[in-house]
Amino acid sequence: MARLGGGERIPLIYYRSPATTEYNCIAWAAGEIARWWWPDGMNEYYWPAGAPREETLAAFIAAYSSLGYAPCANADLEEGHEKVALYVGPAGGPTHAARQLASGLWTSKLGCMEDVEHDSTGEISALGANPIYHYGEVGAILRRRAAETTAPPPTE
Amino acid sequence: MAKPGARVLNMHVNEKLLARVDKYRFRRMHASRTEAIEALLEKGLRADRRPENEVAQSVLSLSRRWREDTRLASSVTAIAMHPAYQEMIGLGAEALPHIFGELAAESDNPGQWFWALRAITGADPVPADKKGMVREMAKAWLAWAAENGYR
């Protein structure tokens, strides 16, 4: 990883799309660009049927389980598998998801902003000026076989 | 349904103001409360509301702060619990024309105004199969705004 002389890290982030509000990181990691996924209490946004509509890591794992993902040990690139990293923020709730590409890079949709590629899951942990909105640490790594392409289930 | 040609005044009216309006109608034989309110406004009455441009400025500056702080957030809850967003909800119905204006201006990339609109209006015009489709959600809300005299 490139570093400045003072030890400051240079983020290796490539911007891959225009900014859009049509989908968020949770949808993007699930392979969808038509809906914003979130288990909000007002039921305004999409959440897979069968997954608990609550902002917990377990509920997010259940949402991705509906697409064939299951928890695994690490974020290493494994041939024949796709991986998703789920992030947990400073307040303890899920904040973000990133999907590993066949190249080993990770792809993330940044809120209402662009899709980006980054070299590791940690690269995007503390983006932005306000720590309240930092993505935080990876709370779970999920994987599925690369051939499994399951369409998202309908809204409850 | 408003009568053809009828004007709509988008303002908060309380009992005290209504009593004053009716007294004025009785004295001047105005045909409707709307006309009486307009006549009183022309006479310099300022009803119990913030000036229109003050509300517009508030929505504009609060929405800028909200967008800047939450642009990287995916959590709808985090986005909606931002203090500026909550402050906009607190402006109540007076903020609606300005929120709908923002939503209409963002047609390609609608902002996450939907919690605020639900909270202020109590309405839920988005069909279940459109939940999460923000352009469709924005269309549904803008249609609701037109039907209810906010646009």
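Taken in order, these protein sequences are the chains called A and B. Residues in the first sequence are numbered consecutively from 1, following my numbering. Residues in the second sequence are numbered consecutively from 1, following my numbering. Note that the Cβ used here is the ideal one computed from N, Cα and C, for glycine as well. On a predicted model such as this, the values are computed, not experimentally measured, just so you know.
Does the segment 104-120 of chain A touch the segment 49-65 of chain A, meaning 3 or more C-beta pairs lie closer than 8 Å?
-> no
Inter-residue CB distance, LYS83 of chain A and ILE141 of chain A (contact presumed, cutoff 8 Å) | What you label residue 83 of chain A is simply residue 83 of the first sequence in a count that begins at 1. What you label residue 141 of chain A is simply residue 141 of the first sequence in a count that begins at 1. That belief holds up - the Cβ atoms of LYS83 of chain A and ILE141 of chain A are roughly 6 Å apart, short of 8 Å.
Give the straight-line distance between the Cα atoms of ASN148 of chain B and VAL134 of chain B, rounded to the nearest whole angstrom.
-> Residue 148 of chain B sits at position 148 when you count from the first residue of the second sequence. Residue 134 of chain B sits at position 134 when you count from the first residue of the second sequence. In a straight line, the C-alpha of ASN148 of chain B is about 21 Å away from that of VAL134 of chain B.
Please list the segments of the alpha helix (DSSP H) lying wholly inside the segment 51-139 of chain A, counting only runs of 4 or more residues, in order along the chain.
-> 57-65
Using beta-carbon positions only, say whether ALA84 of chain B and ARG65 of chain B come within less than 7 Å of one another.
-> The residue given as residue 84 of chain B occupies position 84 in the second sequence. The residue given as residue 65 of chain B occupies position 65 in the second sequence. Cβ atoms of ALA84 of chain B and ARG65 of chain B: closer than 7 Å.
What are the boundary residues of the alpha helix (DSSP H) that TYR46 of chain A is part of?
-> Position 46 of the first sequence, counting from 1, holds the residue named residue 46 of chain A. Element bounds for TYR46 of chain A: n/a, residue is neither H nor E.
Could you tell me the boundaries of the alpha helix (DSSP H) in which ILE33 of chain A lies?
-> Position 33 of the first sequence holds residue 33 of chain A. Segment: none, ILE33 of chain A is in no alpha helix (DSSP H) and carries neither H nor E.
Provide the residue span of the beta strand (DSSP E) that contains TYR14 of chain A, from first to last.
-> Numbered from its first residue, the first sequence carries residue 14 of chain A at position 14. Run containing TYR14 of chain A: 13-15, per the beta strand (DSSP E) assignment.
Could you work out which residues of chain B lie near GLU54 of chain A, taking near to mean beta carbons separated by less than 9 Å?
-> Residue 54 of chain A sits at position 54 when you count from the first residue of the first sequence. Per Cβ cutoff of 9 Å: no residues; GLU54 of chain A is ~11 Å from chain B at best.
Return the CA-CA distance between ASN74 of chain A and GLU123 of chain A, expressed in angstroms with no decimal places.
-> Along the first sequence, read from residue 1 onward, the residue named residue 74 of chain A stands at position 74. Along the first sequence, read from residue 1 onward, the residue named residue 123 of chain A stands at position 123. Distance between the alpha carbons of ASN74 of chain A and GLU123 of chain A is about 16 Å.
For the alpha helix (DSSP H) holding ALA73 of chain B, just list the boundary residues, first then last.
-> Working through the second sequence from its first residue, we reach residue 73 of chain B at position 73. Note, ALA73 of chain B: premise wrong, no alpha helix (DSSP H); not H, not E.
So TYR23 of chain A and TRP36 of chain A are in contact, right, with Cβ under 8 Å, and what is the actual spacing, rounded?
-> Against the first sequence, residue 23 of chain A aligns to sequence position 23. Against the first sequence, residue 36 of chain A aligns to sequence position 36. Contact flag correct, Cβ pair sits at about 6 Å.
When you check each C-beta in the segment 93-124 of chain B against every C-beta of chain A, which residues fall closer than 9 Å?
-> GLU106, ASP108, ASN109, PRO110, GLY111, GLN112, PHE114, TRP115, ARG118, ALA119 and ASP124
For PRO16 of chain A, go through chain B and note every residue whose CB falls closer than 8 Å to its CB, in chain order.
-> Residue 16 of chain A sits at position 16 when you count from the first residue of the first sequence. The residue asked about is misnamed: residue 16 of chain A is Arg in this sequence, not Pro. Those do not exist, as ARG16 of chain A stays about 16 Å from chain B at its closest Cβ, beyond 8 Å.
Give every residue of the same chain whose Cβ lies closer than 7 Å to the Cβ of SER17 of chain A, excluding the five residues on either side of it in the sequence, and list them in chain order.
-> Counted from its first residue, the first sequence places residue 17 of chain A at position 17. The residues are GLU114 and ASP115.
Is ARG99 of chain A close to chain B, meaning its C-beta is less than 7 Å from at least one C-beta of that chain?
-> Here residue 99 of chain A is taken as the residue at index 99 of the first sequence, counted from 1. No, because no Cβ of chain B sits closer than 7 Å to the Cβ of ARG99 of chain A.
For LEU72 of chain B, return the contacting residues in chain A, with the cut-off set at a CB-CB distance below 7 Å.
-> Numbered from 1 along the second sequence, position 72 holds the residue referred to as residue 72 of chain B. The contacting residues are LEU110, GLY111, MET113, LEU127, GLY128 and TYR133.
Taking just the CA atoms, how far does THR34 of chain B sit from ALA126 of chain A?
-> If you number the first sequence from 1, residue 126 of chain A lands on position 126. If you number the second sequence from 1, residue 34 of chain B lands on position 34. Their backbone Cα atoms lie some 54 Å apart in a straight line.
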